[in-house]
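Residue numbers (this note's numbering): 238 to 398.
Note that CB positions come from ideal geometry on N, CA and C, so glycine has one too.
Here the structure is a predicted model, which means the values were calculated and not measured.
In structure tokens, the structure reads:
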């Protein structure tokens, strides 16, 4: 419902009301960041690069969507501690082992990478408030390479209120 007095559209849910400025007020900016991975499976911390793009954009309040368009990569939010990074990769390999007789392996021998990517997801949406990403104390933006090494791209979409 459009509120003429305040110029906002109100969306209601059971627990919260969210106000968005009416269409035409928002600005959207897309950025592509190139990444070169070094291992078949690895985690690359891209938090610094994403924060840099947010600052360069001048966005004040809105959202930042970090995504990958590769079917054998993922984007996750998690702690960037060395032991945990190792644990995440070990967990993925135990859950979906490489060369376990998957049908797709007859073509590219990377079915496990596709299955891991499906499980992890291809994007994360992060709020931006007062020009800063709203991340938890230990949260980092991690690019997950599942079929490297390769040249990859990450898409950053910024929506400014």
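Cβ neighbour criterion (16 or more within 10 Å) applied to residue i
| i | result |
| --- | --- |
| residue 293 | exposed |
| residue 324 | exposed |
| residue 389 | buried |
| residue 276 | exposed |
| residue 274 | buried |
| residue 358 | exposed |
| residue 365 | buried |
| residue 291 | buried |
| residue 287 | buried |
Among the options, nearest to residue i - alpha-carbon criterion
| i | options | result |
| --- | --- | --- |
| residue 392 | 275, 295, 302 | 302 |
| residue 285 | 338, 265, 369 | 369 |
| residue 367 | 296, 270, 271 | 296 |
| residue 395 | 307, 356, 300, 373 | 300 |
| residue 335 | 323, 348, 324 | 348 |
| residue 306 | 398, 381, 288 | 381 |
| residue 312 | 365, 269, 374, 354 | 354 |
| residue 375 | 341, 356, 282 | 282 |
| residue 360 | 288, 378, 291 | 378 |
| residue 289 | 373, 384, 268 | 268 |
| residue 321 | 333, 279, 343, 262 | 279 |
| residue 345 | 271, 384, 371, 372 | 384 |
| residue 332 | 262, 341, 356 | 356 |
| residue 298 | 263, 271, 270 | 263 |
| residue 386 | 338, 266, 272 | 272 |
Simplified DSSP state of residue i, which is helix, strand or coil
| i | result |
| --- | --- |
| residue 390 | strand |
| residue 290 | helix |
| residue 396 | strand |
| residue 451 | With the chain running from 238 to 398 in the structure shown, residue 451 is simply not present. |
| residue 314 | strand |
| residue 193 | With the chain covering only 238 through 398, there is no way to say anything about residue 193. |
| residue 325 | helix |
| residue 273 | strand |
| residue 341 | helix |
| residue 362 | strand |
Whole-angstrom C-beta distance between residue j and residue i, which should lie under 8 Å
| i | j | result |
| --- | --- | --- |
| residue 308 | residue 351 | 6 Å |
For the 8 Å Cβ check, are there 3 or more pairs between the stretch 310-317 and the stretch 326-338? Contact between the stretch 310-317 and the stretch 326-338 is not established, with fewer than three Cβ pairs separated by less than 8 Å.
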